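In the UniProt record's numbering, the protein residues as written are 1 to 293.
Worksheet for the structure shown next.
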């Protein structure tokens with residue numbers, strides 16, 4: 001049986017990694033809760049969504065203060081992701097939660113998103129280098145600095161928001177690393193710091209909405225959430241302060257490989273619902289044995 005100390009230590013581990021690498025806590029926390037602490041997948045996902053919303057909120061304030069947020073990107077992402085999150089949560093509560101495949105679907109989606117996140121972390125430098133080459137070859141196609149986005153790009157952003165809304169609500173993973181990679185592809189000329197700032201703010205909105213939807217369905221453990229935050233918030237601050245002194249690239253590679261391996265494991269070996277035990281059938285006592293001689 002696990003207690004507050006173990007949950008605080010898990011928060012410290014995840015917070016420290018987030019502070020050093022900038023990778024979203026959902027990519028780490030949910031698999032830890034399911035694999036190590038044996039938390040039910042729907043409880044782990046719901047609790048982690050609120051955990052991510054609270055832990056990312058402080059980072060969003062910093063980005064807002066430094067004017068690193070492109071609000072049109074955030075707004076159009078939210079136009080797609082928020083309704084998609086509500087719809088996904090509704091389907092989960094009213095249909096999928098009654099299915100015997102509920103846990104299997106959640107863990108397989110989680111595995112898929114962890115695999116994508118792991119790949120994006122491992123090859124992030126290569127992806128960024130490729131799109132940096134595009135930045136040099138192309139002129140700025142739209143005046144992002146003046147907060148205007150073309151109508152075609154708005155459609156792409158909304159579609160991306162819908163995809164994130166569905167998968168983040170199902171797995172609590174993807175709002176961070178996967179969202180950043182998508183924005184890099186769509187906006188190769190936008191400075192990286194503005195991509196990160198916009199993604200963080202949108203992640204706060206999406207994880208909060210998805211977390212509240214899970215909370216209404218009873219999928220949030222507030223006792224667990226409290227102890228995770230107690231451990232992670234100080235660790236995020238410490239990890240951020242000392243990140244420049246640590247081998248961030250090596251840690252990021254190890255983290256990416258770990259997430260990829262966890263994702264493949266969840267896909268191959270998803271958590272399945274326990275079979276319902278059939279009541280023992282008692283054999284009727286024959287009349288011959290009950291009669292007295």
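The beta-carbon is built from N, C-alpha and C at its ideal position, and this holds for glycine as well.
Quick caveat: nothing in here was measured; it's all calculated off a predicted structure.
In the DSSP assignment, the alpha helix (DSSP H) including residue i goes from what residue to what residue?
i, result
"residue 66", "No alpha helix (DSSP H) contains residue 66, which DSSP labels as neither H nor E."
"residue 210", "192 to 216"
"residue 222", "222 to 242"
"residue 149", "First-last for residue 149: undefined, no H or E at that position."
"residue 118", "102 to 122"
"residue 179", "177 to 186"
Let me know if residue i comes out buried or exposed under the rule of 16 or more other beta-carbons within 10 Å of its beta-carbon.
i, result
"residue 55", "buried"
"residue 102", "buried"
"residue 152", "exposed"
"residue 126", "exposed"
"residue 218", "exposed"
"residue 76", "buried"
"residue 11", "buried"
"residue 116", "buried"
"residue 130", "exposed"
"residue 95", "exposed"
"residue 227", "buried"
"residue 141", "The pLDDT assigned to residue 141 is 47, lower than 50, so where the model puts this residue is not dependable; a value taken from the coordinates is nonetheless given after this. So residue 141 ends up on the exposed side."
Looking only at C-alpha atoms, which of the options sits nearest to residue i?
i, options, result
"residue 29", "20, 49, 19 and 21", "49"
"residue 93", "46, 251 and 9", "46"
"residue 166", "41, 84, 109 and 264", "84"
"residue 40", "65, 106 and 74", "106"
"residue 259", "27, 250, 109 and 68", "27"
"residue 154", "187, 52 and 14", "187"
**Asked** What are the uninterrupted segments assigned as alpha helix (DSSP H) that are 4 or more residues long and contained completely in the stretch 14 to 48, given in chain order?
**Response** 25 to 35
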